[in-house]
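Have a look at the structure below before the remarks.
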Amino acid sequence: MRCLLHRISPKDFPDRAKKKKFSFILLHEVHSHFDGTIDEPFFVRKSLAYEEAAEAYRAGRDHYLNKTISSTDLSGKQTLPFYVAADRPGTYLEATVGENAFANYQPDSNTVGLWHLAEQSGSGEYIKDSSGNSNHGTPTGTTFTQGKIGKGRNFAGSSSHWIGINSPTSGITAGGVKTVSAWINTSLATDEVIFNAYDGTNGYQIYVGGGAFYSWSNGGATLSSSTVVNDGKWHYVVAVLGWNRRLFIC
Numbered sequence: 025m026r027c028l029l030h031r032i033s034p035k036d037f038p039d040r041a042k043k044k045k046f047s048f049i050l051l052h053e054v055h056s057h058f059d060g061t062i063d064e065p066f067f068v069r070k071s072l073a074y075e076e077a078a079e080a081y082r083a084g085r086d087h088y089l090n091k092t093i094s095s096t097d098l099s100g101k102q103t104l105p106f107y108v109a110a111d112r113p114g115t116y117l118e119a120t121v122g123e124n125a126f127a128n129y130q131p132d133s134n135t136v137g138l139w140h141l142a143e144q145s146g147s148g149e150y151i152k153d154s155s156g157n158s159n160h161g162t163p164t165g166t167t168f169t170q171g172k173i174g175k176g177r178n179f180a181g182s183s184s185h186w187i188g189i190n191s192p193t194s195g196i197t198a199g200g201v202k203t204v205s206a207w208i209n210t211s212l213a214t215d216e217v218i219f220n221a222y223d224g225t226n227g228y229q230i231y232v233g234g235g236a237f238y239s240w241s242n243g244g245a246t247l248s249s250s251t252v253v254n255d256g257k258w259h260y261v262v263a264v265l266g267w268n269r270r271l272f273i274c
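This is the structure we're talking about:
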């Protein structure tokens, strides 16, 4: 496993996006629609370090039983014993070890939004935000499919496939340092917005353009990756926005 760090590479986000007034929308943008599958979009109110991004890349999620273990040097170990009893036979449990909640796809005090996208069906805002901040989403046209970690959502690259947050909290819309991440799988080279929170005056976007991963925020330079992510494989993309802007791709 490797995570690549990409720092500032000035680019211009298409003028049509900067001039268009958007509502705060998750996983949707008026002109450039994502075509592929997205899983585990995650939004935290802090700047992530390389080690944290790498930890999240390795982790998984579903329902958790948490156990804090004492500090242990595992450098010389090949296995870590873990025991759990269940009343149902079969292989349906996994053990994951991480240094913090974010690394294990669980919310912590900095989490603003965490969407597992594991809801198969429902009505209204049934794409639930697991952060506790009620940034629930209403899906339009997307399909329930296999994701990278459990289930995810497939988007067909059109205006009829998106997930909207009707009443986002200030943590999503406010400025300042923040990190947005997601697992993505796409094969297209056109502009494809993953996360949009731009109202025509303030905001930010993360997207795929020409096969590369981009982040943009007003008042800051656009970042682009030298690594392509449109190869039809899963990639964990992380955009740190704010004073210390950078991109990670795992």
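For our numbering, count along the sequence shown from 1 and bump the result up by 24.
Virtual Cβ for every residue (Gly too), placed ideally from N, Cα, C.
It should be emphasised that the depicted structure is a prediction, and the values quoted were computed from it without experimental measurement.
The DSSP-derived three-state label of I196 is helix.
In this structure, K175 keeps its C-beta atom at 8 Å or more from the C-beta atom of L138.
In the three-state reduction of the DSSP assignment, N124 falls in the coil class.
Just so you know, the alpha carbons of Q144 and T167 end up roughly 8 Å apart. Note: P163 is bridge-paired with I187 in the DSSP secondary-structure output. Judged by DSSP secondary structure, S145 falls outside any beta strand (DSSP E); it is assigned neither H nor E. Every beta strand (DSSP E) stretch that sits fully inside the stretch 194-260 and reaches 3 residues is listed by chain position as 202-210, 216-222, 227-233, 236-241 and 247-252. Between G234 and G256, the alpha-carbon positions lie close to 14 Å from each other.
In this structure, T164 and N190 do not form a Cβ contact; the two beta carbons are roughly 12 Å apart against a cut-off of 8 Å. For R269, the closest of F106, V204 and K101 by C-alpha to C-alpha distance is V204.
Distance from the Cα of T92 is smallest, within the candidate group A109, N124 and D63, for N124. Taken through DSSP and simplified to helix, strand or coil, K175 comes out as strand.
One Cα belongs to V108, the other to E149, and the distance between them is close to 35 Å. About 6 Å separates the CB atoms of A206 and E64; that is less than 8 Å, so the two are in contact.
Bridge partners of R270 according to DSSP: V264. In this structure F237 touches V253 by the C-beta definition: roughly 5 Å separates them, less than 8 Å. Separation of Q130 and L89 (C-alpha to C-alpha, rounded to the nearest whole angstrom) is 11 Å. K101 and A119 have their C-alpha atoms some 16 Å from each other. DSSP links Q170 through a beta bridge to K175. Nearest to D215 by alpha-carbon distance, out of W258, G227, S239 and P105, is S239. Secondary structure of A180 (DSSP, three-state): strand.
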